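Residue numbers (the working numbering): 1 to 130.
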């Protein structure tokens with residue numbers, strides 16, 4: 001998943017976006033990375049750029065085959081990280097070596113943020129090993 005996330009850097013940003021051609025939002029980016037890993041996931045729609053429900057995200061991630069890691073866990077490449085950029089906003093990022101890839105609305109594209117997460121981490125999800 002981390003490799004696919006890196007390949008998508010530079011793709012445009014679009015709310016509810018699900019393709020490199022038309023752009024991605026953070027959920028579309030995560031969905032594309034999951035698809036590249038051979039996982040078929042039912043992705044929610046109809047959400048706004050603000051708000052979100054941590055428990056609802058946890059349910060979707062569990063159904064997709066992820067486990068929620070303990071709060072003190074350090075993300076590794078391929079993990080999907082839920083962060084809180086603002087008081088009423090949740091955001092998904094994909095951990096890659098050296099940073100995080102995410103759909104950056106302000107930059108208008110999928111971008112690499114080097115180093116540690118620029119925002120507080122709410123949850124870290126790792127694909128369960130079968």
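C-beta atoms are modelled at their ideal positions from N, C-alpha and C, and glycine is treated no differently. For clarity, every value in this text was computed on a predicted model and none was experimentally measured.
Practice problem: Go to residue 103, then tell me how far its beta strand (DSSP E) extends in each direction, as first and last residue. | Solution: Working through the chain shown from its first residue, we reach residue 103 at position 103. It spans 99-104 - the beta strand (DSSP E) in which residue 103 sits, taken as one unbroken run.
Self-check item: Residues of its chain near residue 68, where Cβ-Cβ distance is below 8 Å and the 5 sequence neighbours each way are ignored
Solution: If you number the chain shown from 1, residue 68 lands on position 68. Once the five neighbours on either side are set aside, the close Cβ partners of residue 68 are 58, 61, 62, 123, 124 and 125.
Exercise. Taking residue 111 and residue 26 to be in contact with their CB atoms under 8 Å, please state how far apart those CB atoms are, rounded to whole angstroms.
Key: Stepping through the chain shown from its first residue, residue 111 is reached at position 111. Stepping through the chain shown from its first residue, residue 26 is reached at position 26. A Cβ-Cβ separation of about 11 Å leaves residue 111 out of contact with residue 26 under the 8 Å criterion.
Quiz item: For residue 127, which of 45, 20, 65 and 41 has the nearest alpha-carbon?
Solution: Here the question's residue 127 lines up with position 127 in the chain shown. Measuring from the Cα of residue 127, the nearest candidate turns out to be 65.
Exercise. Determine, using beta carbons only, whether residue 117 and residue 83 come nearer to each other than 8 Å.
Key: Residue mapping note: residue 117 aligns to position 117 of the chain shown, counting from 1. Residue mapping note: residue 83 aligns to position 83 of the chain shown, counting from 1. Yes; because the gap between Cβ atoms is below 8 Å, this pair is in contact.
Quiz item: Less than 8 Å separating the beta-carbons of residue 77 and residue 97?
Solution: For the purposes of this step, residue 77 is identified with residue 77 of the chain shown, where counting begins at 1. For the purposes of this step, residue 97 is identified with residue 97 of the chain shown, where counting begins at 1. For residue 77 and residue 97, yes; Cβs fall inside 8 Å.
Quiz item: When DSSP labels each residue in this structure, what does residue 164 get in the three-state scheme?
Solution: As shown, the chain starts at 1 and ends at 130. That puts residue 164 outside it, with no answer to give.
Quiz item: Smallest Cα separation from residue 24: which of 109, 121, 119 and 129?
Solution: By one-based count along the chain shown, residue 24 stands at place 24. Nearest neighbour of residue 24 by Cα position, chosen from 109, 121, 119 and 129, turns out to be 109.
Quiz item: Between residue 28 and the rest of its own chain, which residues show a CB-CB distance below 6 Å, the 5 nearest in sequence each way excluded?
Solution: Taking the chain shown and counting its residues from 1, the one referred to as residue 28 is at position 28. So the list reads 17 and 18, once near-sequence residues are dropped.
Quiz item: Around the Cβ of residue 129, are there at least 16 other Cβ atoms within 10 angstroms (buried) or fewer (exposed)?
Solution: Locating residue 129 in the chain shown gives position 129, counting from the first residue. Result: exposed.
Practice problem: Go to residue 73, then tell me how far its beta strand (DSSP E) extends in each direction, as first and last residue. | Solution: As a first step, residue 73 must be located in the chain shown, where it is residue number 73. No beta strand (DSSP E) contains residue 73, which DSSP labels as neither H nor E.
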